[in-house]
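Trainee: Going line by line, the protein sequences match chains E and L.
According to the numbering used here, the stretch in the first sequence is residues 1 to 251, in order.
According to the numbering used here, the stretch in the second sequence is residues 1001 to 1326, in order.
A virtual CB, placed ideally from N, CA and C, is assigned to each residue, including glycine.
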Amino acid sequence: MAESLLVVENVSKRFGGLVAIDRASFHVKTGSITALIGPNGAGKTTLFSIISGFLPTDDGRVLYDGSDITAEPPHKRARRGVARTFQIVQPFATLTVRENIAIGSHLWQRSRAAALDAANHVALAVGLGAQLEAPAATLTVAGSKRLELARALAIAPRLVLLDEVLAGLNPSEIRDMVPVVRELATRGMTILMTEHVMQAVTALAEYVLVLAQGRIIARGTVQEVAADPGVVEAYLGAGAAKRITAGTPHA
Amino acid sequence: MKKYWPIAVAVGLLAIVPFVTTSNVVLNFLITTLLIALVGQGWNLLGGYGGQYSFGHAAFFGTAAYTTAILQVQYGINAWVGLLAGIVAGALVGVVIGVLCFRSGLRGSYFSLVTLAFAEVLRIIASVTPITGAGVGTLIKLDLRPESFQFQSRVPFYWIVLIMVALSLVVVRAVENSRFGAYLVAIRENEGAASALGINTFAVKLAAITISAAITAAAGCFYAQYFLFIDAAIAYGPRISIDALLAPIVGGAGTLFASLFGALVIKALGEATKLLTGDAPGLDLVIYGVVLIAVVGLAPRGIAGLLTALFRWPFRTPAQPERGNG
């Protein structure tokens, strides 16, 4: 097994004249929890879509476990063990929670009964045991986020891309969800997550990548990144870091 | 096997009819109804379960009808062989349309419009090509022997179309309980999420349109043998495409008996309209339109949805479905 399960090399993506991702390069260490943070519009979701195969790159390569997967469609990456959740939840709305998860389980289970059975276990692991028979459309925001996660886990992935699984949750729901995510890493999965909730990033991520205007502007531990003047400016505007250190924040 | 008993009951009930009556009016009504049910069941697999709304199922129906008719008339080939050839030809048209549409990523109304265009192009080609009889149409020579798939009485035709419908129900039920069926429904619900879970959406949709086309093609072959005449408007006209989608939508698209229920309702309405208005041309289509609007507006899940709601009503459990805990 490669030391870095995921390697992104010089990936660029343009939408017309807009450079959404500008030569992004980074590694995600096998077994780690890595957070990809950045202001709104930095390109986090675009980068996720490129890694999971939903968007083609204009330039650069994506390597997974040592193989170049840049040109592979999403379903082939999923078969290799790359799972993703969607920032805007994408349930199979008319299906029950169990049926939703079973779609993922089917990747390795041909029989309907075996897939539904496997789905039960996954549902319990993410705390959806009580809603197995509920139609996905009736779930709360927190429930839908758990379902996103459950479906991704059902394909038995090695790399899990979590796109803001905590967005829209209230503080107590976030407290409930953080251990669920940490549990994945202890079970040997490698996690790359985008997140705005810094409380969760601090609690979970061993390594942080900061994306701003399509470029990786900083990387390191949470403390290192938070102390980086470039990061502060990316979030708060030019000159903010200087004003803060001078102790005279702008009114 | 217990999942198949509703099919046995429905088919069993229909099988009683020839023992009760041999009235040509009744049998003719039921044969054409079952024919529409078969056409619609093909559509139901692709549209109802897979969410790919075809407006051009006539392409499969017509190709099959012409294949069997031309093989008999021009090449003297046996009608039963023609039936198989017609089904294969219809399925092949399904593959071609499927590859072209799904490879280029056509979804939703774009897919619908392109399928409509395919059926229309085939209709125009069939109305000018010599081998199809062009504008005159193709007449299959009368030869009332079972080995020619022609019968003196309507009863054997009734049995054959009933068997075809029964087989289509079994096929769809088997799909429902398979991984392929689960994937098809997942694609209907959310294609992006489906591909993120490792589903090769192109392959699944292609398989679905192929099976769908084969079922509708079987109906096309039956039509040719039953009426012994087809022309471009009958085979490829929009009428058959409309029947194909109307029956399952009225019945409750994406459910097993959708097409059978729906075909019974729309054929009964069509006949009633003819009786009341003295067969004013096109008026049954107006009625169809009204029925479609009523169904979409009032009962979007069709007759099947209404029945489920009615059946569940007295046993309704408290609002929160908190059952089952792995």
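Mind pulling the chain L residues with CB within less than 9 Å of T94(E)?
Mentor: Mapped onto the first sequence, residue 94(E) falls at position 94. Simply V1185, R1188, E1189, G1254.
Trainee: Looking at A78(E): is its Cβ nearer than 7 Å to the Cβ of I174(E)?
Mentor: Along the first sequence, one-based indexing puts residue 78(E) at 78. Along the first sequence, one-based indexing puts residue 174(E) at 174. No, Cβ-Cβ distance for A78(E) and I174(E) is not below 7 Å.
Trainee: Are there 16 or more other CB atoms within 10 angstroms of the CB of V126(E), so buried, or fewer, so exposed?
Mentor: For the purposes of this step, residue 126(E) is taken as residue 126 along the first sequence, with counting starting at 1. With 16 or more Cβ atoms within 10 Å of its Cβ, V126(E) is classed as buried.
Trainee: Is the Cβ of A251(E) closer than 7 Å to any Cβ of chain L?
Mentor: Within the first sequence, numbered from 1, the residue matching residue 251(E) stands at position 251. In this prediction, A251(E) has a pLDDT of 46, which is less than 50 and means its spatial position is unreliable; nothing more can be read from the coordinates.
Trainee: Can you give me the Cβ contacts of A142(E) inside the same chain, cut-off strictly under 7 Å, excluding the 5 residues immediately before and after it?
Mentor: The residue labelled residue 142(E) in the question sits at position 142 within the first sequence. Only L169, E173 meet the Cβ criterion.
Trainee: Counting pairs of Cβ atoms below 8 Å between the region 40-60 of chain E and the region 7-20 of chain E, do you hit three or more?
Mentor: Yes: the two stretches touch, three or more of their Cβ pairs being nearer than 8 Å.
Trainee: Which residues in the same chain as N100(E) place their Cβ atom closer than 7 Å to its Cβ, once the five residues preceding and following it in sequence are excluded?
Mentor: Numbered from its first residue, the first sequence carries residue 100(E) at position 100. Taken in chain order, the residues that qualify are P91, F92, A136, L147, R151.
Trainee: Once the 5 residues before and after E233(E) are set aside, which same chain residues still bring their CB inside 6 Å of it?
Mentor: On the first sequence, residue 233(E) is found 233 positions in, with the first residue counted as 1. Once the five neighbours on either side are set aside, the close Cβ partners of E233(E) are A240, A241.
Trainee: Is the Cβ of N1044(L) closer than 7 Å to any Cβ of chain E?
Mentor: The count along the second sequence starts at 1 and reaches residue 1044(L) at position 44. For N1044(L), the answer is no, since every Cβ of chain E falls outside 7 Å of its Cβ.
Trainee: Considering Cα atoms alone, identify which of Q1041(L), V1296(L), L1122(L) is closest to A1065(L).
Mentor: Position 65 of the second sequence, counted from the first residue, corresponds to residue 1065(L). Per the Cα distances, L1122(L).
Trainee: Please check the pair R128(E) and V97(E), which I expect to be a contact at CB under 8 Å, by giving their CB distance rounded to whole angstroms.
Mentor: The sequence position of residue 128(E) within the first sequence is 128, counting from 1. The sequence position of residue 97(E) within the first sequence is 97, counting from 1. Reading the sequence as shown, one finds Leu at residue 128(E) and not Arg. The pair is a contact, with the Cβ atoms about 6 Å apart (cut-off 8 Å).
Trainee: Excluding the five sequence neighbours on either side, which residues of its own chain have a C-beta within less than 6 Å of the C-beta of V1175(L), listed in chain order?
Mentor: On the second sequence, position 175 is the one that residue 1175(L) refers to. Correct list, in chain order: G1181.
Trainee: Excluding the five sequence neighbours on either side, which residues of its own chain have a C-beta within less than 8 Å of the C-beta of R1316(L), listed in chain order?
Mentor: On the second sequence, position 316 is the one that residue 1316(L) refers to. Since pLDDT at R1316(L) reaches only 47, below the 50 mark, its modelled position is unreliable, and no value is offered.
Trainee: If you compare alpha carbons, which of K76(E), R61(E), L6(E) is closest to R23(E)?
Mentor: Working through the first sequence from its first residue, we reach residue 23(E) at position 23. Of K76(E), R61(E), L6(E), the residue nearest in Cα terms is R61(E).
Trainee: Counting only beta-carbon atoms, is R61(E) nearer than 7 Å to chain L?
Mentor: Indexing the first sequence from 1 puts residue 61(E) at position 61. By this cut-off, R61(E) is not an interface position.
Trainee: Kindly say whether L6(E), judged by its beta-carbon, lies nearer than 7 Å to any beta-carbon of chain L.
Mentor: Within the first sequence, the letter at position 6 stands for residue 6(E). No, because no Cβ of chain L sits closer than 7 Å to the Cβ of L6(E).
Trainee: From the beta carbon of A1196(L), is the nearest beta carbon of chain E less than 7 Å away?
Mentor: Taking the first residue of the second sequence as 1, we reach residue 1196(L) at position 196. So, interface residue.
Trainee: Which whole-angstrom value describes the C-beta separation of S1259(L) and A1058(L), a residue pair presumed to lie in contact below a C-beta threshold of 8 Å?
Mentor: Position 259 of the second sequence, counting from 1, holds the residue named residue 1259(L). Position 58 of the second sequence, counting from 1, holds the residue named residue 1058(L). The pair is not a contact, with the Cβ atoms about 16 Å apart (cut-off 8 Å).
Trainee: Kindly list the residues whose CB is nearer than 8 Å to the CB of L1106(L), restricted to its own chain and excluding five residues on each side of it in sequence; keep chain order.
Mentor: For this step, residue 1106(L) is matched to residue 106 along the second sequence. So the list reads V1114, once near-sequence residues are dropped.
Trainee: Among L1245(L), A1119(L), G1305(L), G1270(L), which residue has its Cα nearest to the Cα of G1051(L)?
Mentor: Taking the second sequence and counting its residues from 1, the one referred to as residue 1051(L) is at position 51. Residue L1245(L) is the option with its Cα nearest to G1051(L).
Trainee: Which value, in whole angstroms, describes the spacing of the CA atoms of R84(E) and P1006(L)?
Mentor: The residue given as residue 84(E) occupies position 84 in the first sequence. The residue given as residue 1006(L) occupies position 6 in the second sequence. Each residue's Cα considered, the two are about 40 Å apart.
Trainee: What first and last residue would you give for the beta strand (DSSP E) that runs through V1083(L)?
Mentor: Translated into positions along the second sequence, residue 1083(L) becomes position 83. Looking at the sequence shown, residue 1083(L) is not Val but Leu. Per DSSP, L1083(L) belongs to no beta strand (DSSP E); it is in the alpha helix (DSSP H), 1079-1103.
Trainee: Quick one: is V179(E) buried, meaning 16 or more other Cβ sit within 10 Å of its Cβ, or exposed?
Mentor: The residue you call residue 179(E) lines up with position 179 of the first sequence. The question names Val, but residue 179(E) in the sequence shown is Pro. Exposed, because fewer than 16 other Cβ atoms sit within 10 Å of the Cβ of P179(E).
Trainee: Distance, Cα to Cα, P74(E) vs G1133(L)?
Mentor: Here residue 74(E) corresponds to residue number 74 of the first sequence, with the count starting at 1. Here residue 1133(L) corresponds to residue number 133 of the second sequence, with the count starting at 1. If I take the Cα positions, the gap works out to 48 Å.
Trainee: Per DSSP, P135(E) is paired with what?
Mentor: Locating residue 135(E) in the first sequence gives position 135, counting from the first residue. DSSP, once it has assigned bridges, lists T96(E) as partnering P135(E).
Trainee: Closer than 7 Å, Cβ to any Cβ of chain E: which residues of the region 1161-1179 of chain L, in chain order?
Mentor: Listed by position, the residues of the region 1161-1179 of chain L near chain E (Cβ gap below 7 Å) are N1177, S1178, R1179.
Trainee: Reducing DSSP to helix, strand and coil, say where K13(E) ends up.
Mentor: Indexing the first sequence from 1 puts residue 13(E) at position 13. It is a strand residue.
Trainee: Using a Cβ distance threshold of 8 Å, determine whether the region 1146-1157 of chain L contacts the region 1218-1234 of chain L, with at least three qualifying pairs required.
Mentor: The answer is yes - the region 1218-1234 of chain L touches the region 1146-1157 of chain L, with three or more Cβ pairs under 8 Å.
Trainee: Would you please verify whether the beta carbon of I216(E) is less than 7 Å from any beta carbon of chain L?
Mentor: By 1-based counting over the first sequence, the position of residue 216(E) is 216. Not an interface residue.
Trainee: Once you ignore the five residues that flank D59(E) on each side, which residues in its own chain have a CB closer than 6 Å to its CB?
Mentor: The sequence position of residue 59(E) within the first sequence is 59, counting from 1. So the list reads S12, once near-sequence residues are dropped.
Trainee: Around the Cβ of G38(E), are there at least 16 other Cβ atoms within 10 angstroms (buried) or fewer (exposed)?
Mentor: Position 38 of the first sequence, counting from 1, holds the residue named residue 38(E). By the 10 Å Cβ count, G38(E) comes out buried.
Trainee: Can you check whether the CB of G1252(L) is closer than 7 Å to the CB of G1302(L)?
Mentor: On the second sequence, residue 1302(L) is found 302 positions in, with the first residue counted as 1. On the second sequence, residue 1252(L) is found 252 positions in, with the first residue counted as 1. Yes, Cβ-Cβ distance for G1302(L) and G1252(L) is below 7 Å.
Trainee: Check whether the region 22-36 of chain E and the region 190-210 of chain E touch, using three or more Cβ-Cβ pairs below 8 Å as the test.
Mentor: Yes, the region 22-36 of chain E is in contact with the region 190-210 of chain E.
Trainee: What's the C-alpha gap between A130(E) and L124(E)?
Mentor: What you label residue 130(E) is simply residue 130 of the first sequence in a count that begins at 1. What you label residue 124(E) is simply residue 124 of the first sequence in a count that begins at 1. Each residue's alpha carbon lies about 8 Å from the other.
Trainee: Nearest chain L C-beta to G104(E) closer than 7 Å, yes or no?
Mentor: Here residue 104(E) corresponds to residue number 104 of the first sequence, with the count starting at 1. It does; some Cβ of chain L falls within 7 Å.
Trainee: Please give the ranges of any alpha helix (DSSP H) in the region 1226-1267 of chain L, keeping only runs that are unbroken, at least 4 residues long and fully inside the region.
Mentor: Those alpha helix (DSSP H) runs which fall completely within the region 1226-1267 of chain L and span 4+ residues are 1232-1236, 1238-1251.
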